[in-house]
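Here numbering that gives the first Met the number 0 is used: the first residue of the sequence shown is 0, the next is one more, and so on. All residues carry an ideal CB built from backbone N, CA and C; glycine is no exception. Because the structure is a prediction, the values reported are computed rather than measured. Heads up, the thing below is written out as C-alpha cells.
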Amino acid sequence: MMDEDSVNHILYIDDDKGMLRTVSKWFNSMVDNYELETTDKINELYDELANQDYNLLITDLQIPNGKEGMEIAYRAQEEHDIPVIMYTSDQDAKNQFLEQSPDKTRGFLHKSTSSMKELEEEVKKFL
C-alpha cells in the first residue's frame, strides 16, 4: 500500500464533465503516486483548496458563472501558493497566462492537441 505522504494531490476544474471523467480515469488508473479530484463548480473548488492541501491545480479557461480560469489560477497561486496548469481549448490565452504567472508555478496545454500522456508529463514538471 502506498504511503499517503508520497501521493501528489491534484485538483482539476472544468465545466466539461466528459473531460473531467477522461482526465480522472487516466490519472487515477494509469498514473502512480497521483490522486486527482475533480469539480465543475467554483464554490467546490475554493472549498477544496481551503480544506485540503493540493500539490497542483489544473483549470480550464472557460468556466461558467462569470469566473474565468485566469482568475481561478491567480487566486489559487496567491492564496495557496500552488502551481497551476491551464488546460484549455483557447490557444490565445497562452501568452497572457504564461506572462502573468510566476515562472515556476505555471504550465499550459491546449486540449485539442495534447494527449493524456502529454498532460501527465506537464504535471510531472511541477511535482
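What is the rounded straight-line gap between the Cα of residue i and the Cα of residue j?
| i | j | result |
| --- | --- | --- |
| His8 | Tyr33 | 6 Å |
| Ala72 | Ser28 | 26 Å |
| Met115 | Val122 | 10 Å |
| Gly68 | Lys110 | 14 Å |
| Gln51 | Gln61 | 24 Å |
| Phe125 | Arg105 | 8 Å |
| Leu19 | Phe107 | 17 Å |
For residue i, does the three-state DSSP call read helix, strand or coil?
| i | result |
| --- | --- |
| Ser113 | coil |
| Phe126 | At residue 126 the sequence reads Leu, which differs from the Phe that was named. Leu126: coil per DSSP, three-state reduction. |
| Met0 | Caution is warranted here: a pLDDT of 37 is assigned to Met0, below 50, making its placement in the model unreliable, and the coordinate value is therefore given only provisionally. Of the three classes helix, strand and coil, the one that applies to Met0 here is coil, per DSSP. |
| Gln90 | coil |
Going by DSSP, what residue range makes up the beta strand (DSSP E) through residue i?
| i | result |
| --- | --- |
| Glu12 | According to the sequence shown, residue 12 is Ile rather than Glu. Element bounds for Ile12: 7-12. |
| Ile84 | 83-87 |
Beta strand (DSSP E) segments (min. 3 residues) lying fully within the region 15-78: 33-38, 55-58
Take every Cβ of the region 75-87, pair it with every Cβ of the region 48-56, and state whether three or more of those distances are shorter than 8 Å. yes
Validate contact between the region 87-97 and the region 41-52 using beta carbons, cut 8 Å, 3 pairs: no
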